[in-house]
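Residue numbers (our numbering), protein chains in the order written: chain A, 21 to 313; chain B, 380 to 696. The C-beta atom is built at its ideal place from N, Cα and C for all residues, glycine as well. Predicted model, so just to flag it, every value in this text is computed and none were measured. Read through the structure below, which is laid out as structure tokens, and then see the notes.
As structure tokens, then:
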């Protein structure tokens, strides 16, 4: 694996770390299986891309992507909390609606950003090759976001949110308004996914409506790989697990891409990736440990 | 004849050492399906014709992103890191990922409908930089003329496409531009996944006199579903690519993707020989091949005029 390929995998892994943190919030903290992310990821990409191509500052574009993602999360939470639609189904409804909405936002399926100013533009040409700049800038953003999320979850509001996920009845008995926490948690989770979409579009030169496919699988894989590695007992370690897990998942794919040397074909990529993640899951069990969930 | 081949082979053998410098061509596509795979094979065979043979002086690397743009981005980084002589991305998202990842390695894209809109090049005639390629915009005017010739009474053309594919949307817009003045009403039916193609085709029954399948990855993958609806309801079905005709479309003018691959290979060979990609204009896919399928036409209740059959390059039996 070349240095550029390795750093490229790290970079994309760091972009998807925001997705992993979002999935951690929805699945693990709130116990809300949320497929909205397959729609909110391209939504963030679409919003940022359209704003950037119309001359708006890329940081403002990122902020708008976060807000758009948060709005998508609120819609799913609304369908679930207000009308009692099963969380899985509510999130699927939002996800498929977002496909059309993303097409509306972009006006076409693909918006190019190759020649546009992005949040990374100011950092290029400061004496460091581009393939170092991209992962470094995103790493800084991920660390800031992970720190803020950790602080949030350690606050009284955050603790009540965690109680909501663990045992909603108990939480309500303690005076927690669980519904509010689900709204806020889902907005936060999908806001982070929207940010990931915005950053993906900017580091790769395009927003495309198809970008969302499989986002949830990637996010879940990252969360699970992180949990397998760290068996986290604190929120901070769970967040670090998300980041490391997401990067490792991308490095696994990078290995799978180079696997043609051992007689595998390009079409075997998904299989090889699935096997690598499965091995990551099975290894600790073989060593006689139980994977904590 | 044998002597000629022997002589050609001898010249070929003599010519090879002149180009013996080992080169690597790295090809990537967003997804594997017959048309894109044909383009890839065309590139490989075209390079062989130009003196770059796999196992001889050419290393040919291929990766598919299996429909996932994040993987496409990773493949782009992998290729840039491996620093091949030329990178050939097939399809719009793959090309954008590669072009965003390198400003140095020559890039020759292919099967991109609108390279300027996709920001791969700013000027198709004079690309500049490290990028050039082949655009696969269908010869839509020829397609409309063919429909007029075989189905003269048709007024409403139903087009089945995936609104999520940049290439297809560009084609639909172009078709509306051309169809209006030619007296056609364009009826859209969208299918965002292969499973929706049959339903999209059914929605056109009664609303369209003929169906047109553009070079759309999703719809072409499920062509048979549309063909079935067309046969059951006696609606002639035309295709934008010739590979679809043996699969049940009545007729198509145009390129097949293997030929686009061959055409792309001529540019790649120029770059391998030392030309700067930025100085090579973006080529339009050549579409002169007429393929007809009289059997399919009969099932859909039309007869292809003899004039058309006699000038066809290929008649599917």
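query	result
Where does residue 409 of chain B sit, in a helix, a strand or coil, going by DSSP?	coil
At 4 residues or longer, what runs of the alpha helix (DSSP H) sit wholly inside the segment 663–691 of chain B?	673–678 and 685–690
Quick check: the Cα distance between residue 428 of chain B and residue 518 of chain B, rounded to an integer number of angstroms?	27 Å
Could you give the distance in angstroms between the alpha-carbon of residue 142 of chain A and the alpha-carbon of residue 647 of chain B?	34 Å
If the cut is a Cβ gap below 9 Å, which residues of chain B does residue 228 of chain A touch?	448, 471, 472, 475, 543 and 545
Within 10 angstroms of its Cβ, does residue 531 of chain B collect 16 or more other Cβ (buried), or is it exposed?	exposed
Taking 8 Å as the CB-CB cut-off, is residue 124 of chain A touching chain B?	no
Who are the Cβ neighbours of residue 42 of chain A in its own chain at under 6 Å, not counting the five residues just before and after it?	209, 212 and 213
Give the interface partners of residue 571 of chain B over in chain A, defined as CB-CB distance under 8 Å, in chain order.	119
How should residue 544 of chain B be labelled, buried or exposed, when 16 other C-beta atoms within 10 angstroms of its C-beta is the threshold for buried?	buried
Can you check whether the CB of residue 263 of chain A is closer than 8 Å to the CB of residue 162 of chain A?	yes
Under 8 Å by Cβ, that's how I've got residue 227 of chain A and residue 201 of chain A pegged, so tell me the actual separation to the nearest angstrom.	That belief does not hold up - the Cβ atoms of residue 227 of chain A and residue 201 of chain A are roughly 31 Å apart, past 8 Å.
Using CA coordinates, which residue listed in B:551, B:533, B:539 and B:549 is at the minimum distance from residue 562 of chain B?	B:533
Reducing DSSP to helix, strand and coil, say where residue 635 of chain B ends up.	coil
Using 8 Å for Cβ pairs, my map puts residue 236 of chain A next to residue 55 of chain A. What's the rounded Cβ distance?	5 Å
Tell me whether residue 468 of chain B sits in a helix, a strand or coil according to DSSP, three-state version.	strand
Just the C-alpha distance for residue 680 of chain B and residue 614 of chain B, rounded to the nearest angstrom, thanks.	7 Å
Determine the burial state of residue 164 of chain A: buried for a count of at least 16 other Cβ atoms within 10 Å of its Cβ, exposed for fewer.	exposed
Check whether chain A comes within 8 Å of residue 443 of chain B, counting only Cβ atoms and requiring the distance to be less than that.	yes
So what's residue 366 of chain A in DSSP terms, helix, strand or just coil?	As shown, chain A starts at 21 and ends at 313. That puts residue 366 of chain A outside it, with no answer to give.
Skipping 5 residues on each side, what residues in its chain have a beta carbon closer than 7 Å to that of residue 188 of chain A?	198
Report yes or no: is there a C-beta of chain B within less than 8 Å of the C-beta of residue 311 of chain A?	Summary for residue 311 of chain A: the model assigns pLDDT 47, below 50, so the residue's position carries little reliability; its value from the coordinates is reported in the next sentence. Judged by the 8 Å Cβ criterion, residue 311 of chain A is not in contact with chain B.
Any Cβ of chain A within less than 8 Å of the Cβ of residue 393 of chain B?	Bear in mind that a pLDDT of 48 at residue 393 of chain B, under 50, signals an unreliable position, so the model cannot answer this.
Evaluate contact between the segment 137–153 of chain A and the segment 488–507 of chain B, counting only Cβ atoms and requiring at least three cross-stretch pairs below 8 Å.	no
Kindly list the residues whose CB is nearer than 6 Å to the CB of residue 192 of chain A, restricted to its own chain and excluding five residues on each side of it in sequence; keep chain order.	198
Which residues in the same chain have their Cβ closer than 7 Å to the Cβ of residue 232 of chain A, if we skip the five residues on either side of it in sequence?	58, 59, 61 and 62
Name the residue from A:34, A:220, A:94 and A:83 whose alpha carbon lies nearest to the alpha carbon of residue 203 of chain A.	A:94
So is residue 282 of chain A buried or exposed if we call it buried at 16+ other beta carbons inside 10 Å?	exposed
Give me, in chain order, the residues of the same chain whose beta-carbon lies closer than 6 Å to that of residue 498 of chain B; leave out the 5 immediate sequence neighbours on both sides.	none
What residues of chain A sit near residue 459 of chain B, judged by a beta carbon separation below 7 Å?	24
So, at 6 Å on beta carbons, what are the nonlocal neighbours of residue 423 of chain B in its own chain, with the 5 sequence-adjacent residues on each side left out?	439
Give the list of continuous beta strand (DSSP E) stretches no shorter than 3 residues that lie fully inside the segment 106–146 of chain A.	130–132
What does the Cβ neighbour count give for residue 635 of chain B, buried or exposed, with the cut at 16 atoms within 10 Å?	buried
Is the beta carbon of residue 626 of chain B closer than 8 Å to that of residue 641 of chain B?	no
Please name the residue or residues paired with residue 537 of chain B in a DSSP beta bridge.	B:566 and B:590
Which residues in chain B sit within 9 Å of residue 231 of chain A, going by Cβ to Cβ distance?	447, 448, 449 and 472
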